[in-house]
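**Q** Sharing a structure, written as structure tokens. Questions coming.
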Amino acid sequence: MPTVSVGRDRLFAALGRTYTQEEFKALCFEFGIELDDVTTEKAIIRKEKHLEDDGEVDDDDEVIYKIEVAANRYDLLCLEGLARALRVFTGTEGSPVFQVSSIPRGSILQMHVKPETSKIRPYVVCAVLRGVAFDEARYNSFIDLQDKLHQNICRKRTLVAIGTHDLDTLQGPFSYEALPPHEINFVPLKQNSPVYPVIYDSNRTVLSLPPIINGAHSAITLATRNIFIECTATDLTKANIVLNTMVTMFSEYCETKFEVEPVEVVHYDGRKTVYPDLSCYKMDVSLYDILGPIGISQDEKQVVCPLNKMQLQAESHSLKGEPRISVSVPPTRSDILHARDLLEDIAIAYGFNNVPKSKPKCMTIGGRQPLNRFSDKIHAEVARGGYMEVLTFILFSHEENFDMLNRADDKSKAVIIANPRTSEFEVVRTSLMSCLLKTLKHNIDHPRPIKIFEVGDVVMLDSSRDVGASNNRRLAALYCNMVSGFEAYANLIKLSRKLWDWWILDSIVKVVRAPHVNFGENYYVPTDEPEFFPKRQCKIVTSDGKQVGYLGIVHAEVLRKFGIPDPCTFVEMDLEALL
Amino acid sequence: MAEKSPAADVEAGLLAHLNSAGEVPDSRSFASSLGVSHLELVGVIKSLSAFRIVESKDIIKEAWVLTEEAKGYVAKGSPEAQLVAAIPPEGVSKDALKAKLGDAFDVGMKAAARNKWIGFEKGNKDLVLRKVESVMDELQEQLRRLENGEAVPDKVIDDLKRRKLIMKEKSIWHSLKKGPEFVLKRKTLATDVTTEHLRSGDWKDLEFKDYNYGAQGQPIAKGYVQPLMEVREAIENIFIMMGFTEMPTNNFVESSFWNFDALFQPQQHPARDSHDTFFLKAPATTQQLPEDYLEKVKLVHQSGGYGSKGYVYDWKRDEAEKNLLRTHTTAVSTRMLYKLAQEKPFAPKRYYSIDRVFRNEAVDRTHLAEFHQIEGLICDYGLTLGDLIGVLEDFFSSLGMSKLRFKPAYNPYTEPSMEIFSYHDGLKKWVEVGNSGMFRPEMLLPMGLPEGVNVIAWGLSLERPTMILYGIDNIRDLFGPKVDFNLIKSNPLCRLGL
Chain A
1 MPTVSVGRDR LFAALGRTYT QEEFKALCFE FGIELDDVTT EKAIIRKEKH
51 LEDDGEVDDD DEVIYKIEVA ANRYDLLCLE GLARALRVFT GTEGSPVFQV
101 SSIPRGSILQ MHVKPETSKI RPYVVCAVLR GVAFDEARYN SFIDLQDKLH
151 QNICRKRTLV AIGTHDLDTL QGPFSYEALP PHEINFVPLK QNSPVYPVIY
201 DSNRTVLSLP PIINGAHSAI TLATRNIFIE CTATDLTKAN IVLNTMVTMF
251 SEYCETKFEV EPVEVVHYDG RKTVYPDLSC YKMDVSLYDI LGPIGISQDE
301 KQVVCPLNKM QLQAESHSLK GEPRISVSVP PTRSDILHAR DLLEDIAIAY
351 GFNNVPKSKP KCMTIGGRQP LNRFSDKIHA EVARGGYMEV LTFILFSHEE
401 NFDMLNRADD KSKAVIIANP RTSEFEVVRT SLMSCLLKTL KHNIDHPRPI
451 KIFEVGDVVM LDSSRDVGAS NNRRLAALYC NMVSGFEAYA NLIKLSRKLW
501 DWWILDSIVK VVRAPHVNFG ENYYVPTDEP EFFPKRQCKI VTSDGKQVGY
551 LGIVHAEVLR KFGIPDPCTF VEMDLEALL
Chain B
1 MAEKSPAADV EAGLLAHLNS AGEVPDSRSF ASSLGVSHLE LVGVIKSLSA
51 FRIVESKDII KEAWVLTEEA KGYVAKGSPE AQLVAAIPPE GVSKDALKAK
101 LGDAFDVGMK AAARNKWIGF EKGNKDLVLR KVESVMDELQ EQLRRLENGE
151 AVPDKVIDDL KRRKLIMKEK SIWHSLKKGP EFVLKRKTLA TDVTTEHLRS
201 GDWKDLEFKD YNYGAQGQPI AKGYVQPLME VREAIENIFI MMGFTEMPTN
251 NFVESSFWNF DALFQPQQHP ARDSHDTFFL KAPATTQQLP EDYLEKVKLV
301 HQSGGYGSKG YVYDWKRDEA EKNLLRTHTT AVSTRMLYKL AQEKPFAPKR
351 YYSIDRVFRN EAVDRTHLAE FHQIEGLICD YGLTLGDLIG VLEDFFSSLG
401 MSKLRFKPAY NPYTEPSMEI FSYHDGLKKW VEVGNSGMFR PEMLLPMGLP
451 EGVNVIAWGL SLERPTMILY GIDNIRDLFG PKVDFNLIKS NPLCRLGL
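Here it is, written out as structure tokens:
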């Protein structure tokens, strides 16, 4: 969610009254924005320079409110829009009506779009603000809003880039072109394209090299009176939203308040479009449709007022006896896509906390996923066996998942992350072995014996699934002591030794037996895997020969790589195979 | 009854004596009067003193004790006396005497000569003659007296010291009186109940020795459950009580289509940035998408429909096919709702899930790259925001959060969207505990759910309420390989829903 910093005193001046901090907080909460932080200019500078707070309170220091606003409300990204929305919300004033000034045909400013632009940044929309009265605060707000728009809807200028110019330094008509770099005096950074977008005036003065650079020649200053705004874009819808946001916010300071001068964009194929489009989006909805889902009943007149409070011009009428509302959505409210959005505004104006509580009437029966229920039973069984449950991450470094276990990556199993932030997040685990060894390492000073387990999912590449990978539920247990945990049975004639973990395994094998889950007499089959000592490992197979698990004494090399000084035995089982 | 131990006899004797005489001035002599070693008596005294049955005062004395040599003299007589006794009336040769007396010969000869108990025949220095009929063995007597603690003149002491027959030794003994808890016969206190006690009926007379309740016992080997999983179970039970069915969430790998596009989340949305989402190198893209449905999703993004303007942008299939680690379990909810929409006739559902989600975020005290999301949703005709608020109150009050407040919020796939705040009595403030809303028609209608069917849903993390519940302020202390085993061992029961 974007945060907007505004001077408290200027905000209150714009709201026409002052609030205590608590009162203002309550107002924000109702309206759906949040007073995130209260600070001062000096405190912000101190923080930026990492200086200690000297605790000095300076009365002259302006108090700054940091206000968090919804990500789709671009009209709230500056003090002008925020104050306006709150004034309308509290009923202090009505919604503004924005107008495009009528310019005699022929004297309208033009922007000519050249065909090459379609290869790189096909759209441009423009407008002019006449007779703007800037002061320092307004000027800063104007610059800040561009910045906020660039950071948010413009996706760091990739979708839309705004250029604002002192019109009095330029001579129309303008042209939007795309030229090979050697034909332009500037080469923008970080672009790799045969052509680069550029905007010229009729004297071939470069206004800007979108999306990054605006020319110094036409830069606006505090003294600028007439502002030319161009937005170049790869997304026309967003370009219009951005242009409309700029002009609806700052036409407040124009000679004729809320009036914007249009610019005609002449496309290379001859199409001509006049911008900005400040027309209202008309919606006509049944009263029931917008009240029903809230769960309140109001008459049409009661609905008009809250809509107006949210800057939506509403009128009631009726069609075939059914009460309906027609709504004009102003250009500032690009977030309104559907009647559902009107419904939300009514609910906000009504107050979420005033909506009467009710209970859904549908009768349903609760239940669990069999696999999860089964996992819980196994989990309980192992905990009853004296093991401690741990909970680890599924993301690992490639090394932890393979090399450290003496295992090779044959590229057929593991899901690989394309954009890991650090090496910790390179692969999705294909076994729980690293998880338990890593957890043990972090508790290496814990008194022995250590008996830990985890029930969790690993992920394997799986071409039978739509996404190409599937989870597999596993049980893993680890026993660590000064001795390996072999239990010797001297009274047995043959060398019959059992790993400690074997007991928990035997117990699991005993409890999971079912008509469809069979184990023969010898469900342990010797193996030769590199993560375990030779001749101290085996796999567990069902009577139809399917492997459902494995265990062994962890190889000395593996222990060394994990930094574990004492012998460990490890067992892992596929729970889905036993379900 | 068990046989009486010798210590019990000593104790009985001591207590009987104290009962009649009132005191024992000297434990040493008392011990010899009982015929037991002083050490044995001291053991009994210590035990009785601990229960204040007797009162004991230490007597510390430095006393002369006999050397081993001197002890031999007490038994066999002084060397001079031995020597005299060994001389027959006719006299005897020195060699014969030496053979008979051994070590005592030299000393005995000197002392006997000094005492004029022996003489030599003139001209024959080798024949020793006895000059007295009998001797009074003074040394033996002195030593015996010393041994018995009787007084001996200082001159004698000096003499014995010089002859290295005595040494100084510190000895402690006790004078005893009746203590405040004096009894003639104390009860034997039992420490344990045995099968024998039960069998014989002795348990009726047993009186137990006090336990040291503060002492640490030996830890027993038992199993433990991870605290986060305990809380998960409790929350699961709440859902089931409220009639919710669990969704199958065991698919961490998801396509952008199900994770974002189907939720009417536009393709340029910041959540779809590589800064927020783990995309995959293998398997990089999804192989199969439901084509009819995909076409509807594409249209609603690109040009709207179902009463919506849409986002009006160029929707790209490539974006939708990109695989990722799901960023929310709502991807599963979406699959479930799509499946539900294909089932005719429509039947209302309550679904829940608690499982892992993944964010490509920097890890700190409150953020992990993977955490658990709790999600609940209800799908039926005519559900309202009031229903959502009602369900949330039921759900959160089961979690001990009965004071709720709702704040308008923004979420691309819910409208209205409400942030849920709960008043925390400990922190004395409103804290955000979850998000909720009604799924947008642009999400539900392309699936084929009937017009008029609404979905109310909410979500929260499992970690945050657990941290609040157990007062843990670093998420890494609760989840992951760095969790301290001692935390798992000492964590209290989860009392949610009790």
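Quick note, the sequences are listed as chains A and B, same order. Yeah, the first sequence ends on 579 if you go by the UniProt record's numbering, and it's all consecutive. Yeah, the second sequence ends on 498 if you go by the UniProt record's numbering, and it's all consecutive. C-beta: ideal position from N, C-alpha, C; glycine also.
When the Cα of glutamate 529 of chain A is compared with those of A:Glu557, A:Thr234, A:Tyr253, which residue comes out closest?
**A** As a working note, residue 529 of chain A is residue 529 in the first sequence. Per the Cα distances, A:Glu557.
**Q** For the pair the region 334-343 of chain A and the region 170-186 of chain B, tell me if three or more CB-CB distances fall below 8 Å.
**A** No, the region 334-343 of chain A does not touch the region 170-186 of chain B.
**Q** Can you name the start and end residues of the alpha helix (DSSP H) that threonine 330 of chain B belongs to?
**A** Within the second sequence, numbered from 1, the residue matching residue 330 of chain B stands at position 330. Taken as a continuous stretch (DSSP letters only), the alpha helix (DSSP H) holding threonine 330 of chain B covers 330-342.
**Q** For methionine 438 of chain B, report the span of its beta strand (DSSP E) as first-last.
**A** Numbered from its first residue, the second sequence carries residue 438 of chain B at position 438. Unbroken beta strand (DSSP E) run through methionine 438 of chain B: 429-439.
**Q** Inspect the beta-carbon positions of serine 436 of chain B and leucine 498 of chain B and report whether they are closer than 8 Å.
**A** Position 436 of the second sequence, counted from the first residue, corresponds to residue 436 of chain B. Position 498 of the second sequence, counted from the first residue, corresponds to residue 498 of chain B. No, they are not a contact pair.
**Q** Looking only at its own chain, which residues have a Cβ that is under 7 Å from the Cβ of isoleucine 241 of chain A, when we skip the five neighbours before and after it?
**A** Within the first sequence, residue 241 of chain A is the residue found at index 241, counting from 1. Excluding sequence neighbours, isoleucine 241 of chain A sits near Tyr74, Ile153, Ser334.
**Q** Between threonine 366 of chain B and chain A, is there a C-beta pair that is closer than 8 Å?
**A** Position 366 of the second sequence, counting from 1, holds the residue named residue 366 of chain B. Threonine 366 of chain B does not count as touching chain A.
**Q** Which residues in the same chain have their Cβ closer than 6 Å to the Cβ of proline 356 of chain A, if we skip the five residues on either side of it in sequence?
**A** Along the first sequence, read from residue 1 onward, the residue named residue 356 of chain A stands at position 356. Once the five neighbours on either side are set aside, proline 356 of chain A has no close Cβ partner at all.
**Q** Compute the distance between the beta-carbons of valine 54 of chain B and leucine 83 of chain B, then report whether it is under 8 Å.
**A** For the purposes of this step, residue 54 of chain B is identified with residue 54 of the second sequence, where counting begins at 1. For the purposes of this step, residue 83 of chain B is identified with residue 83 of the second sequence, where counting begins at 1. No, Cβ-Cβ distance for valine 54 of chain B and leucine 83 of chain B is not below 8 Å.
**Q** On the DSSP bridge assignment, give the partners of glutamine 110 of chain A in chain order.
**A** To locate residue 110 of chain A, count along the first sequence from 1; it is residue 110. DSSP output for glutamine 110 of chain A lists A:Glu264 as bridge partner(s).
**Q** By Cβ distance below 7 Å, which residues in the same chain neighbour valine 195 of chain A in space, the five residues on each side in sequence not counted?
**A** Counting from one through the first sequence, the residue named residue 195 of chain A turns up at place 195. Hits under 7 Å: Glu116, Lys119, Ile120, Ala178, Leu179, Pro180.
**Q** Since valine 113 of chain A and tyrosine 288 of chain A are thought to touch, with beta carbons under 8 Å apart, how far apart are those beta carbons, to the nearest angstrom?
**A** Mapped onto the first sequence, residue 113 of chain A falls at position 113. Mapped onto the first sequence, residue 288 of chain A falls at position 288. 46 Å between Cβ atoms; not a contact.
**Q** Kindly list the residues whose CB is nearer than 6 Å to the CB of phenylalanine 485 of chain B, restricted to its own chain and excluding five residues on each side of it in sequence; keep chain order.
**A** Counting from one through the second sequence, the residue named residue 485 of chain B turns up at place 485. None.
**Q** Using the three-state DSSP reduction, which class does glycine 305 of chain A fall into: helix, strand or coil?
**A** Here residue 305 of chain A is taken as the residue at index 305 of the first sequence, counted from 1. It should be pointed out that residue 305 of chain A corresponds to cysteine in this sequence rather than to glycine. Residue state, collapsed to three classes: helix.
**Q** Should threonine 232 of chain A go down as buried or exposed, given a rule of 16 or more other Cβ atoms within 10 Å for buried?
**A** The count along the first sequence starts at 1 and reaches residue 232 of chain A at position 232. Classification for threonine 232 of chain A: buried.
**Q** Is it buried or exposed, serine 422 of chain B, if we count other Cβ atoms within 10 angstroms and call 16 or more buried?
**A** By 1-based counting over the second sequence, the position of residue 422 of chain B is 422. Buried: at least 16 other Cβ atoms inside 10 Å.
**Q** Less than 8 Å between the C-beta atoms of glycine 459 of chain B and isoleucine 354 of chain B, yes or no?
**A** Here the question's residue 459 of chain B lines up with position 459 in the second sequence. Here the question's residue 354 of chain B lines up with position 354 in the second sequence. It is not a contact, given that the beta carbons lie outside the stated cut-off.
**Q** Kindly indicate the opening and closing residues of the alpha helix (DSSP H) around alanine 284 of chain B.
**A** In the second sequence, residue 284 of chain B corresponds to position 284, counting from 1. That residue, alanine 284 of chain B, is in no alpha helix (DSSP H); it is neither H nor E in DSSP.
**Q** Going by other Cβ atoms of all chains shown within 10 Å of its Cβ, with 16 needed for buried, is residue 506 of chain B buried or exposed?
**A** Residue 506 of chain B lies beyond the residue range present for chain B, which begins at 1 and ends at 498; the question has no answer from this structure.
**Q** Decide yes or no for the touch test of the region 74-91 of chain A against the region 29-48 of chain A: beta carbon pairs closer than 8 Å, at least 3 of them.
**A** Contact between the region 74-91 of chain A and the region 29-48 of chain A is present, because at least three Cβ pairs lie under 8 Å.
**Q** Are at least three pairs of beta-carbons, each pair with one atom in the region 398-414 of chain A and one in the region 534-544 of chain A, less than 8 Å apart?
**A** Not touching, per the Cβ criterion.
**Q** With a threshold of 16 other CB atoms inside 10 Å of the CB of isoleucine 488 of chain B, please say whether the residue is buried or exposed.
**A** The residue given as residue 488 of chain B occupies position 488 in the second sequence. Isoleucine 488 of chain B should be labelled buried.
**Q** Within 8 Å of any Cβ in chain B, is that where the Cβ of tyrosine 275 of chain A sits?
**A** In the first sequence, the residue the question calls residue 275 of chain A occupies position 275. Not an interface residue.
**Q** Between the beta-carbon of threonine 285 of chain B and the beta-carbon of glutamate 254 of chain B, is there less than 8 Å?
**A** Reading the second sequence from its first residue, position 285 is the one you call residue 285 of chain B. Reading the second sequence from its first residue, position 254 is the one you call residue 254 of chain B. Contact: no.
**Q** Would you mind reading off the limits of the beta strand (DSSP E) that contains phenylalanine 252 of chain B?
**A** Within the second sequence, residue 252 of chain B is the residue found at index 252, counting from 1. Taken as a continuous stretch (DSSP letters only), phenylalanine 252 of chain B belongs to no beta strand (DSSP E), as it is neither H nor E.
**Q** Is asparagine 435 of chain B close to chain A, meaning its C-beta is less than 8 Å from at least one C-beta of that chain?
**A** Taking the first residue of the second sequence as position 1, residue 435 of chain B is located at position 435. It does not: the Cβ of asparagine 435 of chain B has no partner Cβ on chain A nearer than 8 Å.
**Q** Identify whether serine 402 of chain B lies in helix, strand or coil by the three-state DSSP scheme.
**A** One-based indexing of the second sequence puts residue 402 of chain B at position 402. Residue state, collapsed to three classes: coil.
**Q** Based on DSSP bridge pairs, tell me the residues matched to leucine 445 of chain B.
**A** Locating residue 445 of chain B in the second sequence gives position 445, where the first residue counts as 1. Answer is none; leucine 445 of chain B lacks a bridge partner.
**Q** Give me the chain A residues within the contact set of serine 308 of chain B, using Cβ-Cβ distance strictly less than 7 Å, ordered along the chain.
**A** One-based indexing of the second sequence puts residue 308 of chain B at position 308. Those are Leu337, His338, listed as they occur along chain A.
**Q** Given 7 Å as the limit, tell me if serine 397 of chain B has its C-beta closer than that to any heavy atom belonging to the ligand NAD.
**A** Looking at this structure, you won't find the ligand NAD or any other ligand, since it has none at all.
**Q** Taking Cβ-Cβ distances shorter than 8 Å, what residues in chain B pair up with glutamate 389 of chain A?
**A** As a working mapping, residue 389 of chain A is identified with position 389 in the first sequence. Under the 8 Å cutoff, chain B gives Gly223, Tyr224, Val225, Gln226, Met229, Ile488.
**Q** Which value, in whole angstroms, describes the spacing of the CA atoms of asparagine 115 of chain B and serine 78 of chain B?
**A** Working through the second sequence from its first residue, we reach residue 115 of chain B at position 115. Working through the second sequence from its first residue, we reach residue 78 of chain B at position 78. In a straight line, the C-alpha of asparagine 115 of chain B is about 13 Å away from that of serine 78 of chain B.
**Q** What residue from B:Pro248, B:Gly243, B:Val10 has the CA that sits closest to proline 348 of chain B's CA?
**A** In the second sequence, residue 348 of chain B corresponds to position 348, counting from 1. Measuring from the Cα of proline 348 of chain B, the nearest candidate turns out to be B:Gly243.
**Q** For asparagine 212 of chain B, which three-state DSSP category applies?
**A** The residue you call residue 212 of chain B lines up with position 212 of the second sequence. DSSP places asparagine 212 of chain B in coil when its eight states are reduced to three.
**Q** Output the distance between the C-alpha atoms of isoleucine 468 of chain B and leucine 449 of chain B, rounded to the nearest integer angstrom.
**A** Locating residue 468 of chain B in the second sequence gives position 468, where the first residue counts as 1. Locating residue 449 of chain B in the second sequence gives position 449, where the first residue counts as 1. Their Cα atoms are separated by approximately 38 Å.
**Q** Look up arginine 350 of chain B in the DSSP assignment and say whether it is helix, strand or coil.
**A** Residue numbering aside, residue 350 of chain B sits at position 350 when the second sequence is read from its first letter. In the structure shown, arginine 350 of chain B sits in a strand (DSSP, three-state: E or B).
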